[in-house]
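Numbering (the working numbering), first residue to last: 1 to 880.
Beta carbons: idealized from backbone N, C-alpha and C, even for Gly.
Because the structure is a prediction, the values reported are computed rather than measured.
Read through the structure below, which is laid out as structure tokens, and then see the notes.
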């Protein structure tokens, strides 16, 4: 009881500390968007200087080259060509896709500057003609404009003083000087000039400026409008095209780079714990399994993980090895988590959801940086990166090392009958990684992108079945090339996992595993206007080759897979969008094509509000492990083993029926409100009907007639008899899943970001005698967190997570050495994480301390998982 009270006190104290600190800077994207929109509105009203000042603040908070474009355009429209030229030249340094068009703007602006400067040099003013009219660089301004500019200067100065930022203070001084100059100019204006009017481009007396007609035309220089929504969130995983989350036909959540940095979490799998509808199990420290909307398990096979659209999911195993990815958290720009079936776009394994990890694009965040960290649990971490641009070529490279220990030892130090086949008794992971991405822009609409990565080391993980604690050593590598154009893309990638492995037990089952996957994908994607309807059409074809060479297989199987994808996102009317699509997949073992349709409708009845409804099918193919496995598992009884067969081996040798793909039908209704810069909320209600779940069946005892004959006879290699056989098979009956997800984020004041979400999930089975009481998914989950960024450079973050109890049906050996299924209870648990960071040297140096499970609430997140404890890690990051 005392301990529970102490844990509660710690949790409340941490939360109260976060709530009483005084804010200064906001969530960077939201705050930048707020200033950007204010600036564009002021420019539309003719208050150019005040508007540009707001755009500058937005750029200082979160740099984006399109802000420079908008500033250049604003100055050009006001006839202030020297200032316009300066910003367009800065914009060109980012090597934008519209560089040829901007070069024409620059040439026209330079010609206009030369034209306006020429008479001042060549002619002498005739005293009888009166004063020269003010040129375009000294426009008259209204008193209202000048006061607004002075108010903006005061706001920026206050922000600079609070943030201790000399650059903001200097900017405020420049704005005040500009306001005074405008006031002086206004006072000296020629009689008859209308105060407050912005001088336009030169026109013939008595004529109005004509329409914009391109660079260098008579009258106004025609410059295309810049992006108005460049700080809005954008997702690509829902339809394959960039769109606002309000337009997405799926429930989707974004984890930003700021979310990642402020939490201090470095294990990619742990990042998803904050997301509504997502289940995270930390089993060994290195082994973190992620499920979406139910059906959790070790080596979770129903969530498809992508990195920049390339599959990181290990086809042969049906697993996502998050600790063994080639990218680190410093490489990530954002993560898009799509909840719900997605086979209509992504095919097999897009069963319950998609996680798309999007890395920082080559050339973005042009910097070099290094992070060093270490702390409890044997944690040691180093990461370095560099990103830059040279002409049309841009790059980003990174490399790192990571190590930490398990939560607890699996076997005691004095036990001699069990051994550690690969790694030490305390080690969870020791790995080194490297990642590189390169981009070459051949033209305005065509670019070539190359990517490569490797992670090499040793790690431990858990598998399902009677022997769960496995260890592995070896490299995971990939290569990818993509040709992108405004008409579509062609992508080729290759994955390889080559490891040696073993299991903790009396028989280590040592072996080697080499898996190769080659994928070729070609997609036409273009926007068409047919009548009054705008169509965003995607049509694609693809091929995938798989191969596995494994000690546990008696053959080296290869498979050839083919696919066709179609999708049409139709804008039927201004507030109504209809998305229809399907995918056909050809699996070499299955008799029939797999058809995965989707239809979704998105209605936006008012700005910032979206209602969506959808129906979709999805499937999960059997993995190579579930198809070709042929392995003898030792039992506690000497000379007795249990055989484990994949579906094809069991079909050939035992006459078992062939596996069929897992199948899900889903109906979903959702609502999203993003009508304010101060909050964002979402509600989703869904129903899933699931059948043909693939699992290891109960032990089939060996009969007397089977002993001494065929595959169930005496095994010379192990000097044993098989007591029985387990086979991967489809479970009978149906599963029904009903769920509700409610979540939101609140930005009440600058610097404060609050999120909270709740998930209800109820799963029940019909006509399934194996799992009448199993509950692998928590019925209730709650997440909440606070992020605070103070102007003095101090960052605070607190995250709270709660999951209700579960029940797991697992294979084990009973007292008589029989292989049986047993129901294990998994109690409810909570988890509290926190981080404190400090930025100094103009944000070049960042120091941080991160606490995981800071109340030391010892608990397991799976019945066979290890008991989590508190860990504290310190880090230092320097960017230059």
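Excluding the 5 residues flanking residue 865 on each side, which residues of the same chain have their C-beta closer than 6 angstroms to its C-beta?
283
Using three-state DSSP, classify residue 659 as helix, strand or coil.
coil
Taking the straight line between their C-alpha atoms, what separation do you get for residue 484 and residue 313?
23 angstroms
Tell me which residues share the same chain as residue 851 and place their Cβ nearer than 6 angstroms to its Cβ, disregarding the 5 neighbours each side in the sequence.
834, 872
Compute the Euclidean distance between the alpha carbons of residue 91 and residue 744, then round it to the nearest angstrom.
As the crow flies, the alpha-carbon of residue 91 is around 35 angstroms from that of residue 744.
Would you mind sorting residue 868 into buried or exposed? The rule is 16 or more other CB atoms within 10 Å of its CB.
buried
Minimum C-alpha distance to residue 36 - residue among 44, 67, 47, 46
67
Specify, as a first and last residue, the run of the alpha helix (DSSP H) that residue 687 falls within.
Per DSSP, residue 687 belongs to no alpha helix (DSSP H); it is in the beta strand (DSSP E), 679 to 691.
Assign residue 759 to buried or exposed, taking buried as 16 or more other Cβ atoms, counted over all protein chains shown, within 10 Å of its Cβ.
buried
What first and last residue would you give for the beta strand (DSSP E) that runs through residue 28?
Note, residue 28: premise wrong, no beta strand (DSSP E); alpha helix (DSSP H) at 28 to 44.
For the beta strand (DSSP E) containing residue 495, list its first residue and its last residue.
From DSSP, the beta strand (DSSP E) with residue 495 extends over 488 to 503.
Candidates 365, 375, 414, 406: which alpha carbon is nearest residue 396's?
365
DSSP beta-bridge partners for residue 449?
439, 482
CA-CA distance, residue 267 and residue 652?
In a straight line, the C-alpha of residue 267 is about 42 angstroms away from that of residue 652.
Exposed unless 16 or more other CB atoms sit within 10 angstroms - verdict on residue 84:
buried
Go ahead and pull the three-state DSSP assignment for residue 284.
Reduced to three states, the DSSP call for residue 284 is coil.
Taking Cβ to Cβ, would you say residue 692 is nearer than 8 angstroms to residue 657?
Cβ distance not < 8 angstroms, so residue 692 and residue 657 don't count as in contact.
Tell me the start and end of each unbroken beta strand (DSSP E) in the segment 749 to 791 that is at least 3 residues and wholly inside, in chain order.
752 to 766, 780 to 789
Give me, in chain order, the residues of the same chain whose beta-carbon lies closer than 7 angstroms to that of residue 557; leave out the 5 immediate sequence neighbours on both sides.
548, 624, 628
Report yes if the C-beta distance between residue 626 and residue 461 is below 8 angstroms; otherwise report no.
no
Under 8 angstroms between the Cβ atoms of residue 354 and residue 335?
no
Can you give the beta carbon distance from residue 239 to residue 249, rounded, assuming they're within the 8 angstroms contact cut?
The distance from the Cβ of residue 239 to that of residue 249 is about 7 angstroms, consistent with a contact at the 8 angstroms cut-off.
Residues in the same chain with beta-carbon distance under 6 angstroms from residue 230, minus the five sequence neighbours each way, listed in chain order, please.
64, 66
Give the secondary structure of residue 623 by DSSP, where H, G and I count as helix, E and B as strand, and everything else as coil.
coil
What's the C-alpha gap between residue 264 and residue 782?
20 angstroms
Where residue 446 and residue 48 are concerned, what is the direct C-alpha to C-alpha distance, given to the nearest angstrom?
35 angstroms
If you draw a straight line from the C-alpha of residue 840 to the C-alpha of residue 875, how long is it?
The straight-line gap from Cα to Cα measures roughly 14 angstroms.
Answer yes if the segment 676 to 694 comes into contact with the segment 638 to 646, meaning at least three C-beta pairs across the two stretches below 8 angstroms, and no otherwise.
Flag = no, the segment 638 to 646 and the segment 676 to 694 do not touch.
With a 10 Å radius around its C-beta and 16 neighbouring C-beta atoms as the bar for buried, classify residue 595 as buried or exposed.
exposed
Could you tell me which of 46, 726, 804, 383 sits nearest to residue 861, measuring between CA atoms?
804
Give the straight-line distance between the Cα atoms of residue 675 and residue 607, rounded to the nearest whole angstrom.
6 angstroms
Backbone CA spacing between residue 271 and residue 326 [nearest angstrom]:
16 angstroms
Run through the segment 337 to 400 for me and flag every whole alpha helix (DSSP H) of 4 or more residues, listed as ranges in chain order.
For secondary structure counted as the alpha helix (DSSP H) over 4 or more consecutive residues, the segment 337 to 400 holds these complete runs in sequence order: 343 to 346.
Out of 376, 384, 276, which has the shortest C-alpha to C-alpha gap to residue 328?
Residue 384 is the option with its Cα nearest to residue 328.
Under the DSSP definition of a beta bridge, which residues are partnered with residue 521?
491, 542
Option in 689, 58, 436 with minimal Cα separation from residue 388
436
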